[in-house]
Structure formats: structure tokens, C-alpha cells
Amino acid sequence: EPQTPEDDLDLSSEDEAVASDLDMHALILGGLNQDTEPLKTADEVIQEIDDMMQDETCSLDGSPGSRDSLIENNEVMEKAKEVLSSPLYEDKLRDLSLSQLNELFLELEVLIREFSETLISELALRDELEYEKELKNTFISLLLAVQNKRRQYHVEKKRSSKNSVLKTPSGLDPKYLTTVIPYHIDNGPPDNQTLQVLIKSK
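Going letter by letter, the sequence shown gives residues 165 to 366 in my numbering.
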């Protein structure tokens with residue numbers, strides 16, 4: 165059956181809608197790739213702690229109390245890392261006095277606390293990124309499903325007679341034909357809250 169100008173217009177509109185959907189896919193996938201970070205090694209975590217402490221040193225407001233506290237904490241961290249860098253042999257520990265053992269214990273306790281806080285923070289960030297990745301994958305799957313339904317609708321419409329229009333039992337166009345995704349490409353990918361709303365309103 166030869167195509168009419170109306171058919172060409174419908175295909176042009178459909179191509180524009182598909183291109184818009186693909187722009188949305190690329191936008192979300194781009195944000196997903198940017199947000200996903202590899203897990204850090206132990207050495208990288210230690211280096212990150214050092215960098216954080218150096219940043220705090222640079223951002224001091226000049227108050228003597230804050231500076232003294234930070235310097236003391238830095239000294240403890242340095243001593244603790246020196247302890248960990250050398251094996252704690254039993255004979256070496258036996259030669260230490262009670263006060264030295266107590267000092268060593270406090271240094272290790274500070275180091276464990278600092279590393280534990282960093283580990284908890286990194287694990288929380290990983291969980292947040294995994295949740296965001298799951299949201300984006302779910303949203304993209306729903307978006308592709310809507311796109312496929314639209315294509316199928318246009319194919320069936322072309323096959324049917326020109327006088328018949330595909331409608332739902334209520335006489336309205338199917339919901340997937342009127343689905344609009346509220347986003348602006350200049351604002352970047354939608355945040356998690358927006359994705360949750362869009363997914364629930366599918």
C-alpha cells in the first residue's frame with residue numbers, strides 16, 4: 165500500500181519521539197556511569213583519611229583549641245600507623261613497660277575508630293550508589309516498554325483501515341500514547357526522588 169503524506173508525518177513524529185527517548189536513555193546512563201565508583205582498597209582508604217586530615221588542617225579557623233586538638237590527633241594517627249607498619253612480635257611487646265603498652269593500646273584504638281568510621285561511610289555510599297543504579301535500571305526498562313508499545317500501536321494502526329481508530333474500551337487513547345516524561349536535558353539526569361515518583365506512576 166503506498167504511503168500517504170499523513171503516514172510520513174506520523175513516522176516523522178514517531179522518529180522524533182524515539183530520538184527523545186534515546187536522549188533520555190543516554191542521559192541516565194551517563195549519570196549512572198559517572199556516579200559508579202570502584203571500591204577502594206585499604207591503602208586508598210588510609211590515603212583518603214590522610215587527605216581529609218590535611219584538608220581539615222588547611223581549613224582551620226585559627227582557634228587555638230581546634231588547632232591543638234587537630235595536631236594532637238595527627239600525632240596519634242602517625243604513631244599508630246608507625247606501630248602498624250612494623251610487626252608486633254610477642255618478644256617486642258614483652259619488653260614494653262605498662263605505660264608503653266597503654267600508650268600503644270590507645271594509639272591502636274584511635275586508628276581502629278578512624279578506620280571504622282571511614283569504612284562505615286564508604287559502605288553507606290556504596291549502598292546508596294547501588295540503590296540509585298537499581299532505580300535507573302528499572303526506569304530505563306519501563307521507558308523501553310513504553311517505547312515498544314508505541315511502536316506496536318503505530319504498526320497496528322497502519323495495518324488497520326483508515327476509518328478505524330485503535331481505542332481502549334473507554335474510548336480513550338492508551339495511556340502509553342499520552343505518557344510524558346517531565347525532564348529538561350540541561351538539568352542533567354533526574355534525582356532518585358523523581359525516579360521513584362515516575363516509576364510508581366507507570
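We treat Cβ as the ideally placed atom computed from N, Cα and C, and that holds for glycine.
For the stretch 310 to 326 against the stretch 254 to 265, do three or more pairs of beta-carbon atoms, one drawn from each stretch, fall closer than 8 Å, so that the two count as touching? In short, these stretches do not touch, since the Cβ pair count stays below three.
Answer with buried or exposed for residue 197, where buried requires no fewer than 16 other C-beta atoms within 10 angstroms of its C-beta. Position 33 of the sequence shown holds residue 197. Note that residue 197 scores 49 on pLDDT, short of 50, meaning its location in the model is unreliable and no value can be drawn from it.
Just mark residue 452 as buried or exposed, buried being the case when its beta carbon has 16 or more other beta carbons within 10 Å. This structure cannot speak to residue 452, because the chain is shown only from 165 to 366.
Whole-number beta carbon distance between residue 300 and residue 362, since they are thought to touch under 8 Å: In the sequence shown, residue 362 corresponds to position 198, counting from 1. In the sequence shown, residue 300 corresponds to position 136, counting from 1. Rounded, the Cβ-Cβ distance is 11 Å, inconsistent with contact.
Compute the beta-carbon to beta-carbon distance between residue 268 and residue 260, rounded to the nearest angstrom, for a pair I have assumed lies under 8 Å. Within the sequence shown, residue 268 is the residue found at index 104, counting from 1. Within the sequence shown, residue 260 is the residue found at index 96, counting from 1. Your pair residue 268 and residue 260 checks out as a contact, with CB atoms roughly 7 Å apart and the cut at 8 Å.
Skipping 5 residues on each side, what residues in its chain have a beta carbon closer than 6 Å to that of residue 286? One-based indexing of the sequence shown puts residue 286 at position 122. Within the same chain, residue 286 has no close Cβ partners at all.
Out of curiosity, what's the CA-to-CA distance linking residue 351 and residue 295? Residue numbering aside, residue 351 sits at position 187 when the sequence shown is read from its first letter. Residue numbering aside, residue 295 sits at position 131 when the sequence shown is read from its first letter. The straight-line gap from Cα to Cα measures roughly 21 Å.
Could you tell me if residue 278 is buried or exposed, where buried requires 16 or more neighbouring beta carbons within 10 angstroms of its beta carbon? In the sequence shown, residue 278 corresponds to position 114, counting from 1. That one is buried.
With DSSP as the reference, label residue 355 as helix, strand or coil. Within the sequence shown, numbered from 1, the residue matching residue 355 stands at position 191. Under the three-state reduction of DSSP, residue 355 is assigned to coil, being neither helix nor strand.
What are the start and end residues of each continuous alpha helix (DSSP H) run of 4 or more residues lying completely inside the stretch 243 to 325, in chain order? You should have 254 to 258, 262 to 323.
Taking just the CA atoms, how far does residue 314 sit from residue 289? Along the sequence shown, read from residue 1 onward, the residue named residue 289 stands at position 125. Along the sequence shown, read from residue 1 onward, the residue named residue 314 stands at position 150. Spanning the two alpha carbons is a distance of roughly 38 Å.
Of all the options 283, 303, 265, 276, which has the alpha carbon lying nearest to the alpha carbon of residue 356? As a working note, residue 356 is residue 192 in the sequence shown. If we check each option's Cα against that of residue 356, 303 comes out closest.
Here's the rule: buried if 16 or more other CB atoms are within 10 angstroms of the residue's CB, otherwise exposed. What is residue 311? Counted from its first residue, the sequence shown places residue 311 at position 147. Only buried fits residue 311, as 16 or more other CB atoms lie within 10 angstroms of its CB.
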